[in-house]
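Undergrad: Below you'll find the structure I mean.
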Ligand SMILES: [Zn+2]
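Residue numbers (our numbering): 115 to 402.
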């Protein structure tokens, strides 16, 4: 009985989110932010809450993520404010096919003429504008966008001699896609990791999983993340990497985005939360 009650509450809490999308999602997802140079070839062009990244190359720009559908004009204005043209964007990438990160891609693709490269695991969601496993939740829908190139784990995305390497971390979405990027700061080599996410968020783990194999995917992803050696963590939600705090310290002698160990700490936190959610959703812990 307890388990039934907890499942019912869980279902209710999940449904509560999309039923009132405008009120339920954080206001900062649509709140304009001033774009800025992050480090080396990387620029921030997202909103206060949701990241969008520019990677500058001699042959044009790579744009990673677009935010919620309403963020498209904000991201475009940010790109222009940095002195770039929308037509400079040659390649579009997506951390994962959830509306808060992929919702603006269709508009951004149309306005830039860039090609979209994305994983096979997220392709269906991108091309149909749905949250797989929650297709009935229309608050999660977003304008569909065509994938031009399918990315597999270990593939590289190259433009003008700048090379991103694909690290698939499925779980948060079936095709959750991270990228490593070599950087130089004051003559010293660093590695950035554009982390997709490994949070549970709105995902069902059990008994009716969001997609088949989601639990094993998360587990493999937590193992994989321990093998990524990066000292610049960049992620799709501002709070994952303390965007605000670091942005406030951009004038400091050392670039505040260089933080060895930050990825490991975030991944460990998410793994703990995953295990807690799994126990909760499988009824292995008593509800309070
Ligand atoms: Zn997401």
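Just so you know, even glycine gets a beta-carbon here, dropped at the ideal spot from N, CA and C.
1) Between the segment 264-281 and the segment 298-305, are three or more C-beta pairs nearer than 8 angstroms?
2) Is residue 191 near ligand 1, going by C-beta to nearest heavy atom under 8 angstroms?
3) Would you mind listing the beta strand (DSSP E) stretches within the segment 152-240 that are 3+ residues and don't spill past its ends, in chain order?
4) For residue 207, which of 255, 242 and 260 has the nearest alpha-carbon?
5) Can you tell me whether residue 179 sits near ligand 1, meaning its C-beta is under 8 angstroms from at least one heavy atom of the ligand?
6) Taking residue 282 as the reference, give the member of 267, 272, 295 and 294 with the closest Cα.
7) For residue 212, count the other beta carbons within 10 Å of its own beta carbon; 16 or more makes it buried, fewer makes it exposed. Which is it?
8) Give me the Cα-Cα distance between residue 335 and residue 308, rounded to the nearest whole angstrom.
9) What are the boundary residues of the alpha helix (DSSP H) that includes residue 337?
10) Go to residue 386, then tell me how far its alpha helix (DSSP H) extends in each direction, as first and last residue.
11) Taking the alpha-carbon positions, what's the residue 169 to residue 328 distance?
12) Considering only DSSP beta bridges, list what residue 299 is partnered with.
13) Here's a check: name, in chain order, each residue in its chain whose Cβ is nearer than 6 angstroms to the Cβ of residue 235, leaving out the five neighbours to either side.
14) Considering just the uninterrupted stretch of the alpha helix (DSSP H) at residue 144, what are its terminal residues?
15) Does the distance from the CB of residue 182 to the CB of residue 164 come in under 9 angstroms?
16) Quick one: is residue 343 buried, meaning 16 or more other Cβ sit within 10 Å of its Cβ, or exposed?
17) Measure the C-alpha to C-alpha separation of residue 366 and residue 348 and round it to an integer number of angstroms.
18) In whole angstroms, what separates the C-alpha of residue 205 from that of residue 221?
19) Please list, in chain order, all residues of the same chain as residue 215 whose beta carbon is under 6 angstroms from its beta carbon, the five residues on each side excluded.
20) Just verifying my parser: in three-state terms, what is the DSSP assignment at residue 353?
21) With DSSP collapsed to three states, give me the class of residue 130.
22) Per DSSP, residue 348 is paired with what?
23) Compare the C-alpha of residue 353 against each of 223, 300, 226 and 384 and name the closest.
24) From the DSSP output, which residues share a beta bridge with residue 358?
25) Does the beta-carbon of residue 145 have 16 or more other beta-carbons within 10 angstroms, so that it is buried, or is it exposed?
26) At a threshold of 8 angstroms, does residue 214 count as lining ligand 1 (C-beta to nearest heavy atom)?
27) Is the beta carbon of residue 241 less than 9 angstroms from the beta carbon of residue 258?
28) Identify which residue in 189, 191, 174 and 185 has its Cα closest to the Cα of residue 201.
TA: On the basis of the supplied data:
1) No: fewer than three Cβ pairs fall under 8 angstroms.
2) No, the Cβ of residue 191 stays beyond 8 angstroms of every heavy atom of ligand 1.
3) Here the runs fully enclosed are 156-158, 167-171, 174-178, 203-207 and 229-233.
4) Check the Cα spacing between residue 207 and each of 255, 242 and 260: the tightest is with 260.
5) The answer is no for residue 179.
6) Taking only the C-alpha atoms, the option nearest residue 282 is 267.
7) Residue environment for residue 212: buried (at least 16 other C-beta atoms within 10 angstroms of its C-beta).
8) Looking at the two C-alpha atoms, the distance is approximately 14 angstroms.
9) That run of the alpha helix (DSSP H) goes 328-339.
10) 376-395 is the span of the alpha helix (DSSP H), which, as asked, contains residue 386.
11) Cα to Cα, residue 169 sits roughly 31 angstroms from residue 328.
12) DSSP lists 302 as partners of residue 299.
13) Counting only Cβ-Cβ distances below 6 angstroms, and skipping sequence neighbours, we find 284, 288 and 289.
14) Per DSSP, residue 144 belongs to no alpha helix (DSSP H) and is neither H nor E.
15) A Cβ-Cβ contact shorter than 9 angstroms links residue 182 with residue 164.
16) With fewer than 16 other CB atoms across the displayed protein chains lying within 10 angstroms of its CB, residue 343 is exposed.
17) Between residue 366 and residue 348, the C-alpha separation is close to 19 angstroms.
18) Roughly 14 angstroms between the two C-alpha positions.
19) Only 179, 209 and 350 meet the Cβ criterion.
20) It is helical.
21) Residue placement at residue 130 cannot be trusted, given a pLDDT of 37 that sits under 50; the coordinates are not used to answer.
22) Answer is 308.
23) Taking only the C-alpha atoms, the option nearest residue 353 is 384.
24) Looking at the DSSP output, residue 358 shares a beta bridge with no other residue.
25) Burial check for residue 145: the Cβ neighbour count within 10 Å stays below 16, so the residue is exposed.
26) Indeed, a heavy atom of ligand 1 lies less than 8 angstroms from the Cβ.
27) Yes, Cβ-Cβ distance for residue 241 and residue 258 is below 9 angstroms.
28) Checked all of 189, 191, 174 and 185; the closest Cα to residue 201 is 174.
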